[in-house]
Amino acid sequence: QPEIAPLLARCNQELGNQATILIHRDGQILAKAGTLAEDDYPSLAALVAGMVAAGESLSSLIGEIDPGHAKQLNFGSSSRGIYAVSINNNYWIGAAHGSLLNPGLYRMQVRRLALEVERLLQKPQARAISAPPRKSDPRLFNDITDEEIDQLFDI
324 QPEIAPLLAR
334 CNQELGNQAT
344 ILIHRDGQIL
354 AKAGTLAEDD
364 YPSLAALVAG
374 MVAAGESLSS
384 LIGEIDPGHA
394 KQLNFGSSSR
404 GIYAVSINNN
414 YWIGAAHGSL
424 LNPGLYRMQV
434 RRLALEVERL
444 LQKPQARAIS
454 APPRKSDPRL
464 FNDITDEEID
474 QLFDI
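Read in our numbering, the sequence shown has 327 at position 4, and its numbers run on one by one without any break.
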């Protein structure tokens, strides 16, 4: 959705993040905003995807926590960190931040961003125009025998 990148940029600025990314769970960056060097975004995405994979592995050990609610992952120190929130099973928002005055408020704001992105992802997109399906000619294999078909699969 074209509205996602401007939303990430606005929220990135409001939250004072170094970077905000929307990724697929496999680490593919779908949208990004921030002040990181361009070649640092793939590293951030890989780190968030790794956190997601590790979190899923651990959740199988301890059981599902709050089914139906967004999953959250947090990694960092008092001076900087990464906070990630699931949008659904496939998409995550990752936010790289500096020191936080109010970590609870920050997390709530990132979760709100995730909800806004989820709404945008659920909007129907314009359907691509596709060629009409091809009709097969029923006469195409009329003169082939069962023996000839069997011979095709003989090794």
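Note that the Cβ used here is the ideal one computed from N, Cα and C, for glycine as well.
Keep in mind that this is a model prediction, so the values were computed, not measured.
Give the secondary structure of residue i by DSSP, where H, G and I count as helix, E and B as strand, and everything else as coil.
i	result
N397	strand
G427	helix
A360	coil
G404	strand
S422	coil
I452	Note on I452: pLDDT 41, under 50, position unreliable in the model; the coordinate value appears next. Three-state DSSP puts I452 in coil, outside helix and strand.
G350	coil
How would you label residue i, buried or exposed, when you count the other beta carbons within 10 angstroms and need 16 or more for buried?
i	result
T343	buried
G421	exposed
A368	buried
G373	exposed
Figure out for me which residue from the options has the closest Cα to the Cα of residue i.
i	options	result
P329	L428, L443, S401, D473	L443
G404	R333, I327, Q341	Q341
S409	T468, S402, N397	N397
G348	Y429, W415, P365	Looking at the sequence provided, one finds Arg at residue 348 rather than Gly. Ranking the options by Cα distance to R348, first place goes to W415.
I346	N413, T468, D473, L423	N413
A419	L428, G399, N411	G399
Taking the continuous alpha helix (DSSP H) assigned at residue i, which residues delimit it?
i	result
I327	327-338
Can you name the start and end residues of the beta strand (DSSP E) that residue i belongs to?
i	result
T343	342-347
Between the segment 423-440 and the segment 356-368, do at least 3 Cβ pairs fall closer than 8 Å? no
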